[in-house]
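Chemist:
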Amino acid sequence: MTSLIWLTLAVSLGAEAPAAPIEIAPGRTIRLATAEEGKPILAADDAFTKSLSRFDLQSRLKTGDEVTLDDWRKSVAAEVRDWNDAQIKAVTESLGRLSKRLAGFELPLPKEILLIHTTGAEEGNAAYTRGTAIIVPD
Numbered sequence: 232m233t234s235l236i237w238l239t240l241a242v243s244l245g246a247e248a249p250a251a252p253i254e255i256a257p258g259r260t261i262r263l264a265t266a267e268e269g270k271p272i273l274a275a276d277d278a279f280t281k282s283l284s285r286f287d288l289q290s291r292l293k294t295g296d297e298v299t300l301d302d303w304r305k306s307v308a309a310e311v312r313d314w315n316d317a318q319i320k321a322v323t324e325s326l327g328r329l330s331k332r333l334a335g336f337e338l339p340l341p342k343e344i345l346l347i348h349t350t351g352a353e354e355g356n357a358a359y360t361r362g363t364a365i366i367v368p369d
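Counting the sequence shown from 1 gives a position; our numbering is that position plus 231.
1) With a cut-off of 8 Å on the beta carbons, I'd call I319 and G269 a contact; round off their distance for me.
2) Does the distance from the C-beta atom of L326 to that of I253 stay below 8 Å?
3) When DSSP labels each residue in this structure, what does L235 get in the three-state scheme?
4) Compare the Cα-Cα distances from K342 to each of A364, R291, K331, N356 and report the closest residue.
5) If you run the structure through DSSP and keep just helix, strand and coil, what is P368?
6) Taking 8 Å as the threshold (C-beta atoms), are L340 and R259 in contact?
7) Does the Cβ of T350 have 16 or more other Cβ atoms within 10 Å, making it buried, or fewer, making it exposed?
8) Quick check: what's the CA-CA separation for A264 versus Y359?
Spelled out as structure tokens, the structure:
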């Protein structure tokens, strides 16, 4: 359920320096991560990385050659980008509208949600979540 909420937030955004945290509900903020903050989150050991099979790694790296989890980590980290000014403006405006819509709900959101910007090449240009982060492709 929580992942669905995060993906809904990511899709509603539509979208280099990070903006200040934006409160979307009392005591709940969303913050745009820098590329340096985002890289270790995407490369972290977690249930997702533990579930990656040989085929998953080869598919994501678009190769039939032998690859390792470290190869995948390097590839994923290379796709993380900083937010540009236009993206920051668009996301900030979207989050302002979203916070008004969420005002009457008591959602089980984490205290801080990070938005990580990527090229999208690492996951088929899809928005997805890792931990308490939402990954937003170009």
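Here a beta-carbon is modelled for each residue, glycine too, at the ideal position from N, C-alpha and C. Just so you know, these numbers come straight off a predicted model, no measurement behind them.
Modeler: In this structure, then:
1) Their Cβ separation, rounded to whole angstroms, is 15 Å, which puts I319 and G269 out of contact at 8 Å.
2) Yes, they are a contact pair.
3) Low confidence applies here, because L235 scores a pLDDT of 40, under 50, leaving its location unreliable and the question unanswered by this model.
4) Looking from the CA of K342, the closest CA among A364, R291, K331, N356 belongs to A364.
5) P368: strand per DSSP, three-state reduction.
6) Taking 8 Å as the cut-off, the Cβ atoms of R259 and L340 count as close.
7) With fewer than 16 Cβ atoms within 10 Å of its Cβ, T350 is classed as exposed.
8) Take the alpha-carbon of A264 and the one of Y359: they are about 15 Å apart.
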